[in-house]
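Let me begin by presenting the structure, written as structure tokens, before commenting on it.
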Amino acid sequence: MQGPVCMILNGQRVDVADVPPTTTLLAWLRERRGLTGTKEGCSEGDCGACTVGLRELGPDGKLVTMPACACILPLPMLHGREIVTVERLAAPDGRLHPVQQAMAEGHGSQCGFCTPGFVMSMWCAYRSEPRPSPERADALLAGNLCRCTGYGPIVAAASAAHDLPRPEWDDDDAAAAPTRLATLPTTALDYEADGRRFIAPVTLDELADAAARNPDATILSGATDVGLWITKRHFAPATIIWTGRVAGLRELKEDDGTLTIGAAVTYREAAARLAAHWPDFGKLVARIAGAQIRALGTVGGNIANGSPIGDMPPALIALGARLQLRHGDKRREITLDDFFLDYGRQDRAPGEIVTAVTAPLPGKGLHLGCHKVSKRFDQDITSVLGCFALTLEDGHVRQARLAYGGMAGVPKRARAAEQALIGQPYTREQVDAAAAALSDDFAPLTDMRASARYRMQVAQNLLLRDYLERTTPGVETRLAPATEGV
Amino acid sequence: MALDKQTTAKREFKVVGTRPLRPDGVDKVTGKALYGADLTAPGMLVGKILRSPHPHARIRSIDTSAAEAAPGVKAVITHADFTLPDDEDMRDILVNCMAFNKALYDGHAVAAVAAISEAAAKAALKLIKVDYEVLPHVTDVDEAMKPDAPVIERGRQAETVGEGFSENVTSYCEFGHGDIEAGFTRADHVIERSFKTEATHQGYIEPHACLATFTTDGKADLWCCTQGQYMVRRVCSAIMDMEASQLRVTPSEIGGGFGGKTTVFIEPVALMLAKKSGRPVKIVMSRSDVLRASGPTCSSSMDVRIGMTKDGRITAGHAKLRYQGGAFPCGTVEMGAMAAFAAYDLEAVRTQGWNAMTNRPKQAAYRAPGAPMAIYAVESVVDELCQHLGLDPLDVRLKNAAKAGTKASYGVTFTDIGLSACLAAAKAHPHYAAPLGPGQGRGVSCGFWFNFGGDTCVTLNVNMDGTVSVTEGNPDIGGSRASIGMMAAEELGVPFDKVRTQVVDTASLGYNEVTDGSRVTFAVGLATIKAAQAAKAEMCRRAAMIWGIDAEAVTWEDGCAKPSGPNAGDFPPMTLAEIAAVSSQTGGPIAGHHEVNADGAGVSFGVHLVDVEVDPETGATKVLRYTVFQDAGKAVHPDYVEGQMQGGAVQGIGWALNEEYIYGEDGRLQNAGFLDYRVPVASDLPMIDTVILEIPNPGHPYGVRGVGETSIVPPLAAIANAVSRAAGVRLTELPMSPPRILAALDAARPKAAAE
Ligand SMILES: Cc1cc2nc3c(=O)[nH]c(=O)nc-3n(C[C@@H](O)[C@@H](O)[C@H](O)COP(=O)(O)OP(=O)(O)OC[C@H]3O[C@@H](n4cnc5c(N)ncnc54)[C@H](O)[C@@H]3O)c2cc1C
Ligand code: FES
Ligand code: FES
């Protein structure tokens, strides 16, 4: 259906028909709506100064409130959703929201430029979960940079907000949100402005059809990669096809011992389920970017972009995941490792879409260890990621799938190292042998994130660390206390 | 917080020392505060800058004709639109804002356009054709000093620079006293080490932004985020060849500066585009522009040699500092050379500094500019000596600490300073006695900063409703509006909420130096107190007039004018509000003002204590516990003092562990974004504990010293010392990123095995 982008902005219905589809939410808020409380610090999703509240109805019909980076969010992605900016939080009579009051009273801002972003991150958490522990607050705020305060007062304010009286106006607003959202169209969107198109189908058939008909179109999921092309490379494709409204792609299903993750499932949506089956996988997802990016970025996008340093593929490859693709009516399924052909090249035809990834649920004796190495703990790109799925039986390695990110042009299994382990007793000697075999598997690159030598050395050390963790329960091998949840 | 116990200030304060809500707090949490990019003007154009992709290239020609003809483009400018000012500093600033004959670094501005939209401006940039002759480049300081290095600009070398250096070396400085060679002979142990530190960026979250308007009769208005509107006026009027009075600069709310907004980068460009197009022009830098082309710190290469006796007495110290400050001459190394040994009372000390030009952006100030790296090197060697001689690092520092009467290596003799008090507080703190686990290490370091005063001007108006308006000229970067208002309230004896402090444009108040050098609470505070005193004297005079007694017979107490004694007469006290209400009948409005070139800022010392854990498998470091001890003179608003101490410590932690400029072989900056220029996030840090000490500064009526800068100085060495102790190997390069630590561990391993 041709038509405008329909959304709720700060409680009011807004229909937009006149901006190019690659206009970011941030630019639109600031330049078209005069809402300058939302700040621009980087336009790359890194600093959180542009954080807004994003609301939609979840699959169960319940209201979801999550933080999002407005700077890399193409405006049409708000079709059918609600946006809340910092200007909306205080009561109409001027009373501050508890998160605002706690920040003001606790001296959580110095220069204040980061403050609206922090306030919005805190507000989303305030609406969604109980008082955060300091560790939880760190995790909730890892996507927001502050250069003035050293974070202490801000982390304290995230908790102190819960000591203040409930903001009844905000509770009422949340209660009314589902009704507001229900007034927005649920049909497909075909938006055109400035000679460029943005298509948002609602069924898988429509999506597959649209993609096959427009093989040059850009498939868009969470825009956490594509949004950066827009802001950094001035990318302005003629046609964009967005997966985010296809209900079938946002499902997490379990049957016959298999977990199926729809391609448009976000990190945020997948995290709990992954953590339930593979605790380390949950911790890995919790370390991808910050909460704002995890609310938008999708599993399918992380696979489809083919990056050698994406965090999902190594973990999924280690689990023996399979990828489902669809081209028009044609469906096919391949092992995930086979999808990654070479640096920048994947086994995907133009017009073909990734629809889901499946992984066998853990069988007896299987344990997945995920070890991400980056310069910063949170909100950082992987230098090396090692994901090791081992099935141990009577002290022997029955099955081993070792997958690495950051070690080659693609996420890749370490076949030689696997062979050094399979069928062998699980001992330090065998693990050392597997580590040595890694040099047959990989010839990593040097770049500004890490040198080849560092990568190889760490890749080897990670195998050893994984061994220590499996064989010496309670051993402390990791520095930072891993924070739970996303 | 040991504030109360350790307060040594004798004076009783009512407002100063309390923690009222900051006056700008609500605007900031509601998104109402207006920053550089938040203002628009009717008919406004978008300004965009074309930047050199080459680190060093001669500009043969620039063809702007296609861009000029492009739809929506209203002006295109290059260096040809500017005239070089006579003044050398102004010339360097202009050439940094717009390349003249050569592009001097990756990201150097070469042309700019103003167009009706962002898209039109970006499209026009692509149409500008620059003919470059690419030249050899150099970005490393040691390389740049070699005689055969590519020369950035000839004719900039000072005569004091000796033989054997490239022309890139622009200046040499030397400080110290005593015979160091004799000192080294007296030592039981001498350690000499070389260090390198990479450049870092202030990392303010708000990118530079400004909005310029020109009227047809040659007057101009500029709205911008800056640490000093008067500086912007001075520089821009010189560059635009206009009289200062014709240019009004209004500072926006500032989203962080830390020294990086004490100069200009885009303002002259916006002004020229506005002049040429006849329309308002807004320029907002992108984050990558900020990293590539604003003013990061110097990078450094240093040799430090220190001798110590077995019982921990330093017998001599010698530091050789080589800094690069980008493609222009830069004096920062001098600060480093002055600060390097400031914490110590030494008989023999010598520091030497060289500055070199490289193909990097012109450095700008960053919190205590020049000091962190020099003190990092010195404090690392002191720590290693302690390790070697089996001495307690705090005892050794206490033994050698500078105190009142110490002649500093840079020539001055200290008066009351708080270093020993900080060291003693650290020694007594539970943190210092807490047990360490395996793989963990504890580091300490001293830090120092000079602090400045400078030209300052304040007006204080007593309003007829009994409120007070303070007008100051220094953008508030750390809560100074609150502190200034508190000092006014204190002096006048009125509640804090009756005082509102505002930072005003250049037309509304006389000259003020930029917000830097930790000067604002000290110097503006001083001027505010003096202005309040003038207002009080006037109010006493008015009361005297009403009572019909001598002005000398009236005193000011608790916010009221009172007869000074029984002899003066028996009149009920008059409050400020009562006097103000009738001011019209007693001679007109009441105000006080004060203009001063403030002196006596009072140096500041701090001591940091940190525990870290190093992961031997990945080289990652976790900061486990951090305590800052610092002498604040008098903490006007203790929360803000703590805020400065914590914020500076965290910036220093970033510098120590992860932040760095990474230039590729091609001379281009590889990590021009916040994802790869990694400032710490919340989960990287423990709660930073603070202990404020108050050793009053005799140069300020309330004892205030600057506190904003010292806190970034100690973390580099404190963390390096902790990491070195945890890892069992001395780290001599910053940042100590995981790959560097792992490489150092690696290098130490075979040696350890062989021993
Ligand atoms: C600040 C920041 C931090 C980050 N940190 C991490 C990190 O720690 N670890 C990590 O792994 N990643 C990180 N990323 C990148 C990560 O968020 C993305 O890789 C994300 O997973 C991509 O998903 P998306 O849905 O946003 O994809 P989009 O940006 O929408 O698309 C990405 C690519 O996939 C294609 N595509 C998307 N969906 C499909 C589909 N269904 N079928 C076919 N093609 C499709 C698109 O055409 C595009 O080429 C970070 C990003 C940012 C901005
Ligand atoms: S502006 Fe920095 S994350 Fe959006
Ligand atoms: S208060 Fe300045 S960046 Fe956070």
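Chains as they are written, first to last, in this note's numbering: chain G, 117 to 602; chain S, 870 to 1624. Yeah, the Cβ is synthetic: ideal placement off N, Cα and C, and Gly gets one too.
Length of the line joining the Cα atoms of S/Cys1315 and S/Gly1475: 6 Å
Rounded to whole angstroms, what's the CA-CA distance from G/Pro183 to S/Thr1084? Just pull it up for me. 43 Å
My understanding is that S/Gly1195 touches S/Arg1229, with C-beta atoms under 8 Å, so please give their C-beta distance in whole angstroms. With a Cβ gap of about 5 Å, S/Gly1195 and S/Arg1229 count as contacting.
For S/Gly1516 and G/Thr231, believed in contact at Cβ under 8 Å, the rounded distance: No, G/Thr231 and S/Gly1516 are not in contact; Cβ-Cβ is about 14 Å, not under 8 Å.
Could you check whether the Cβ of S/Tyr974 sits closer than 8 Å to any Cβ belonging to chain G? no
Given S/Val1519, which residues of its chain have a CB within under 7 Å of its CB, disregarding the five upstream and five downstream residues? Residues of the same chain with a CB within less than 7 Å of the CB of S/Val1519, apart from the 5 flanking positions on each side, are Pro1549, Leu1554 and Ile1557 in chain order.
Relative to the alpha-carbon of G/Gly422, which residue among G/Ala549, G/Gly174, G/Ala524 and G/Arg571 has its alpha-carbon at the smallest distance? G/Ala524
In whole angstroms, what separates the C-alpha of S/Pro1344 from that of S/Glu1407? 29 Å
Would a C-beta distance cut-off of 8 Å place S/Leu1611 and S/Gly1488 closer than the cut-off? Yes, the Cβ-Cβ distance between S/Leu1611 and S/Gly1488 is below 8 Å.
With a CB to CB cut of under 7 Å and the five nearest residues on each side skipped, what residues in its chain are close to S/Gly1347? Around S/Gly1347: Tyr1509, Gly1512, Gln1513 and Gly1577.
Quick one: Cα of S/Leu996 to Cα of S/Val1138, how far? 19 Å
Where does the unbroken alpha helix (DSSP H) through G/Leu61 begin, and where does it stop? Nothing about residue 61 of chain G can be read from this structure; chain G reaches only from 117 to 602.
Check the Cβ of G/Phe493 against every Cβ in chain S and list those closer than 9 Å, keeping chain order. Ala1489, Lys1491, Val1550, Ser1552 and Asp1553
With DSSP as the reference, label S/Leu919 as helix, strand or coil. strand
At the level of alpha carbons, what is the spacing between S/Pro1262 and S/Leu1493? Rounded to the nearest whole angstrom, the CA to CA distance from S/Pro1262 to S/Leu1493 is 19 Å.
Around the Cβ of G/Gly259, are there at least 16 other Cβ atoms within 10 angstroms (buried) or fewer (exposed)? In summary, G/Gly259 is buried, with 16 or more beta-carbon neighbours lying within 10 Å of its beta-carbon over all protein chains present.
Check whether the stretch 271-283 of chain G touches the stretch 237-244 of chain G, counting contact only when three or more Cβ pairs, one atom from each stretch, lie closer than 8 Å. Touching, per the Cβ criterion.
Using beta-carbon positions only, say whether S/Ile918 and G/Cys227 come within less than 8 Å of one another. no
Pull up the distance between the alpha-carbon of G/Arg529 and that of S/Ala1525, whole angstroms please. 35 Å
Going by DSSP, what residues sit across from S/Tyr1073 in a beta bridge? Note: S/Tyr1073 sits in no beta bridge, so no partner.
Just tell me which of S/Val1007, S/Val1472, S/Ser1169 and S/Ile1021 has its CA closest to the CA of S/Pro1241. S/Ser1169
Ordered along the chain, which non-local residues of its own chain (more than five positions away) have a Cβ less than 8 Å from that of G/Leu584? Correct list, in chain order: Val591 and Thr593.
Within 7 Å: the Cβ of S/Ile1522 and any heavy atom of ligand 3? no
Please name the residue in S/Ser1146, S/Ala939 and S/His1298 whose C-alpha comes closest to that of S/Val1560. Relative to the Cα of S/Val1560, the nearest Cα in the group S/Ser1146, S/Ala939 and S/His1298 belongs to S/His1298.
Can you name the start and end residues of the beta strand (DSSP E) that S/Phe1064 belongs to? His1058 to Thr1066
State the DSSP-derived secondary structure class of G/Ile124, mapped to helix, strand or coil. Strand.
Need the endpoints of the beta strand (DSSP E) that G/Leu375 sits in, please. Thr374 to Gly378
Is any beta-carbon of chain S found at less than 8 Å from that of G/Val489? yes
Going along chain G in order, which residues have a C-beta closer than 7 Å to the C-beta of S/Asn1527? Lys491 and Arg492
When DSSP labels each residue in this structure, what does S/Phe1083 get in the three-state scheme? The three-state secondary structure of S/Phe1083, taken from DSSP, is strand.
If I measure Cβ to Cβ from S/Pro1607 and keep anything under 6 Å in the same chain, skipping five residues before and after, which residues do I get? Result list for S/Pro1607: Thr1487, Gly1488 and Ala1489, in chain order.
Is S/Ser1155 close to chain G? Criterion is C-beta to C-beta, closer than 8 Å. Yes, because at least one Cβ of chain G sits closer than 8 Å to the Cβ of S/Ser1155.
How many Å lie between S/Gly1033 and S/Leu1190 at the Cα? 16 Å
Where does G/Leu336 sit, in a helix, a strand or coil, going by DSSP? strand
Any idea what DSSP makes of S/Ala878, helix, strand or coil? Model confidence at S/Ala878 stands at a pLDDT of 46, short of 50, so the residue's coordinates are unreliable and nothing is read from them.
Is S/Gly894 closer than 8 Å to G/Ser225 when the C-beta atoms are compared? yes
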